[in-house]
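A.B. asks:
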Amino acid sequence: MPALTNPATDTKERILDAAVGIVLEKGFSGVGINEILKAVNVPKGSFYHWFASKEQFGVELLRYFGAKALAYTRKWLTKKDLLPNAHERLVAFYEARISMMLEQDCQQACLVCKLSAEVSSWSEPMRAEVAENYEQGIALLRQVIEEGQAQGSIRASLPASQAASVVHDAWLGASLRSTAKHQVQPLRDCLLFIRSYLVP
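Going letter by letter, the sequence shown gives residues 1 to 200 in the UniProt record's numbering.
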């Protein structure tokens with residue numbers, strides 16, 4: 001029976017997967033390539049087989065994490081069978097995010113959020129990847145807001161694109177403040193705002 005996974009591709013994914021936790025803890029600039037490779041017992045040559053530079057690695061890392069984060073968001077926001085009401089579904093999604101933050105002791109668990117301020121001033125490719133990830137997240141929010149407007153569960157007078165950006169950016173700011181305070185209250189306050197902002 002043939003192998004179900006490609007060993008080379010698996011090595012690349014192991015490098016990226018290990019790097020997520022390390023970079024979340026120390027930041028991108030504070031982590032050396034050797035530290036990541038040591039964590040997965042991979043020789044340095046394998047790293048440069050997959051990544052031309054540390055900066056390219058950073059782009060791939062953001063893309064890798066971003067794809068997983070967007071898949072999680074998409075899974076929640078498309079649960080029409082369980083939560084037909086789009087407003088309730090959006091609120092449930094953010095309640096789940098608050099629970100996740102509590103489980104992680106209010107530590108920042110979003111690599112894109114963590115690196116956005118750190119890398120955007122000196123790495124254009126990484127800044128562009130962060131921006132693209134944010135835009136994809138906003139697009140998912142816009143879809144559920146448009147759905148809610150069509151069914152009457154979300155205020156129809158709001159331009160959906162603008163509302164999605166406001167919700168996304170408010171949550172991003174509250175997430176950063178919760179990390180700084182080691183409290184989820186900023187997220188709870190933000191969710192209260194989102195509820196009232198979107199309700200018809």
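All residues carry an ideal CB built from backbone N, CA and C; glycine is no exception. Computed from a predicted model, the values in this text were never measured in an experiment.
Going by DSSP, what residue range makes up the alpha helix (DSSP H) through T179?
C.D. replies: Counting along the chain, T179 sits inside the alpha helix (DSSP H) bounded by residues A160 to K181.
A.B. asks: Between V119 and H87, what straight-line distance do the alpha-carbon atoms span, to the nearest angstrom?
C.D. replies: Whole-angstrom Cα-Cα distance: 34 Å.
A.B. asks: If you drop the 5 nearest sequence neighbours on each side, which residues of the same chain put their C-beta closer than 8 Å to that of C113?
C.D. replies: If we look at C113 and ignore the five residues flanking it on each side, its Cβ neighbours are L172, S175 and L176.
A.B. asks: Can you tell me whether DSSP reads S196 as helix, strand or coil?
C.D. replies: helix
A.B. asks: Distance, Cα to Cα, V167 vs E147?
C.D. replies: 15 Å
A.B. asks: How big is the Cα-Cα spacing for C190 and T179?
C.D. replies: Their backbone Cα atoms lie some 14 Å apart in a straight line.
A.B. asks: Using the three-state DSSP reduction, which class does V40 fall into: helix, strand or coil?
C.D. replies: DSSP places V40 in the helix class (H, G or I) of the three-state scheme.
A.B. asks: Sort K181, R155, I194 and G152 by Cα distance to A170 and report the nearest one.
C.D. replies: I194
A.B. asks: Identify, in the order they occur along the chain, each residue of the same chain with its Cβ nearer than 7 Å to the Cβ of G137, setting aside the five sequence neighbours on each side.
C.D. replies: Here the set comprises L70, T73 and H168.
A.B. asks: From the DSSP output, in three-state form, read off L191 for me.
C.D. replies: In the structure shown, L191 sits in a helix (DSSP, three-state: H, G or I).
A.B. asks: Terminal residues of the continuous alpha helix (DSSP H) containing S99?
C.D. replies: Start and end: A86 to E103.
A.B. asks: Around the C-beta of S53, are 16 or more other C-beta atoms found within 10 angstroms, so that it is buried, or is it exposed?
C.D. replies: exposed
A.B. asks: Candidates D17, A67, Q108 and P159: which alpha carbon is nearest E25's?
C.D. replies: Measuring C-alpha to C-alpha distances from E25 to each of D17, A67, Q108 and P159 identifies Q108 as the nearest.
A.B. asks: Starting from A156, trace the alpha helix (DSSP H) both ways and give me its first and last residue.
C.D. replies: Unbroken run through A156: none, as it is neither H nor E.
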